[in-house]
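According to our numbering, the sequence shown is numbered sequentially starting from 56.
From the three backbone atoms N, C-alpha and C, an ideal C-beta is built for every residue, glycine too.
Just so it is clear, the structure is predicted and the values come from calculations on it, not from any experiment.
One structure is given below, encoded as structure tokens.
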Amino acid sequence: MEEKRPTVIQNGYAYFIINISSMLKSTQPHLKIFGETMITIMSRSNALDHLISISEPFKVLKVGITECRLLLPNEYNSCFFSPGQESKPHIPGHIWTHEGLVQFEVGEYLCRGVNGELWPMSAADFFAIRKRHPNFPKDEDNGWGKFVNFIPVYAISMLEPFKVQFTDGTYITGATGDFLMYCEDRTAVWICNQNIFRETYTSVE
Numbered sequence: 056m057e058e059k060r061p062t063v064i065q066n067g068y069a070y071f072i073i074n075i076s077s078m079l080k081s082t083q084p085h086l087k088i089f090g091e092t093m094i095t096i097m098s099r100s101n102a103l104d105h106l107i108s109i110s111e112p113f114k115v116l117k118v119g120i121t122e123c124r125l126l127l128p129n130e131y132n133s134c135f136f137s138p139g140q141e142s143k144p145h146i147p148g149h150i151w152t153h154e155g156l157v158q159f160e161v162g163e164y165l166c167r168g169v170n171g172e173l174w175p176m177s178a179a180d181f182f183a184i185r186k187r188h189p190n191f192p193k194d195e196d197n198g199w200g201k202f203v204n205f206i207p208v209y210a211i212s213m214l215e216p217f218k219v220q221f222t223d224g225t226y227i228t229g230a231t232g233d234f235l236m237y238c239e240d241r242t243a244v245w246i247c248n249q250n251i252f253r254e255t256y257t258s259v260e
């Protein structure tokens, strides 16, 4: 059955909508693309494949050192704010990333980037592409530790404003020039601000 097309053309911008269960979870994303130039692929389940085919994705490795710590059960009612997001409402169990509001779960990791930006990551995805420094604190100590990426990922420079929408109705947004990022097996999709991208990623063959 053909899905009803949502209203995604706002202020003249075409929004790309990606529906995934939650950010950086190990589930296959269901991506849908809507826009004035992409009407013909509306509601196609392989829209990510199509976006990749008409774009120029390139392989990158994160070289900027990132910190993280385990989110503990007593923090479930907490709300965390990235720099510049402090005026946003306190919503328990969520993180205000640079790109929008994202829910976190107990047992996930709270990550902190080079500019203090925050985001959650599941343990499975965390250990799939990252490794801890030798002096990484024990999880039960709840301290910040450093980690490095050792698996390359892919990046697409987006030519229009876009949003990543989750199945619970929340979403994060990217501006023109920001990057849509995805793992090689396409089980994780996320957004990276273009300025942070230039500070923390390097191109690899």
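message: Under 8 Å, with one C-beta from each stretch per pair, do the segment 147 to 155 and the segment 122 to 134 reach the 3-pair mark?
response: Yes, since at least three Cβ pairs between the segment 147 to 155 and the segment 122 to 134 fall closer than 8 Å, the two stretches touch.
- prompt: Per DSSP, which one or two residues make a beta bridge with T152?
  reply: Here the question's residue 152 lines up with position 97 in the sequence shown. According to DSSP, which records beta bridges pairwise, T152 is partnered with G155.
Residues near E122 by beta carbon distance below 6 Å, same chain, minus five either side: Stepping through the sequence shown from its first residue, residue 122 is reached at position 67. The answer, listed in chain order, is R167, W199, K201.
task: Rank I246, E239, C238 by C-alpha distance to the C-alpha of A230 and give the top, closest one.
output: If you number the sequence shown from 1, residue 230 lands on position 175. Relative to the Cα of A230, the nearest Cα in the group I246, E239, C238 belongs to I246.
message: What would DSSP say about A210, mapped onto helix, strand or coil?
response: For the purposes of this step, residue 210 is taken as residue 155 along the sequence shown, with counting starting at 1. The answer is strand: DSSP assigns A210 an E or B state.
- request: Tell me where the alpha helix (DSSP H) around G254 begins and ends.
  value: On the sequence shown, residue 254 is found 199 positions in, with the first residue counted as 1. A quick correction: the sequence has Glu, not Gly, at residue 254. Its alpha helix (DSSP H) spans residues 249 to 255.
Nearest neighbour of Y164, chosen from G171, Q158, M176 [CA to CA]: The count along the sequence shown starts at 1 and reaches residue 164 at position 109. Among G171, Q158, M176, the Cα nearest to that of Y164 is on M176.
field: Coil, strand or helix - S258 by DSSP
entry: Residue mapping note: residue 258 aligns to position 203 of the sequence shown, counting from 1. Look at S258 here: in three-state DSSP terms it is strand.
- prompt: If you check the beta carbons only, do T257 and V169 fall under 8 Å apart?
  reply: Along the sequence shown, read from residue 1 onward, the residue named residue 257 stands at position 202. Along the sequence shown, read from residue 1 onward, the residue named residue 169 stands at position 114. No. Outside cutoff.
Contact under 8 Å by Cβ, P207 with V259: Walking along the sequence shown from the start, residue 207 turns up at place 152. Walking along the sequence shown from the start, residue 259 turns up at place 204. Yes.
message: Just to confirm my understanding: we take D238, look at its own chain, exclude 5 residues before and 5 after, and list those with CB closer than 6 Å. What are they?
response: In the sequence shown, residue 238 corresponds to position 183, counting from 1. The question names Asp, but residue 238 in the sequence shown is Cys. Annotation for C238: V208 place their beta carbon closer than 6 Å to its own, counting only its chain and skipping 5 residues before and after.
- prompt: Of the choices G232, V115, G171, L125, whose alpha-carbon is the least far from that of G336?
  reply: For residue 336 there is no data in the structure shown, the boundaries of the chain being 56 and 260.
- request: Name the two residues that bound the continuous beta strand (DSSP E) containing Y237.
  value: Translated into positions along the sequence shown, residue 237 becomes position 182. Its beta strand (DSSP E) spans residues 234 to 237.
message: Classify E154: buried if its beta carbon has 16 or more other beta carbons within 10 angstroms, exposed otherwise.
response: Taking the sequence shown and counting its residues from 1, the one referred to as residue 154 is at position 99. Classification of E154: buried, given that the 10 Å Cβ count is 16 or more.
query: For W174, which beta-bridge partners are listed by DSSP?
result: Taking the first residue of the sequence shown as 1, we reach residue 174 at position 119. Note: W174 sits in a beta bridge opposite C166.
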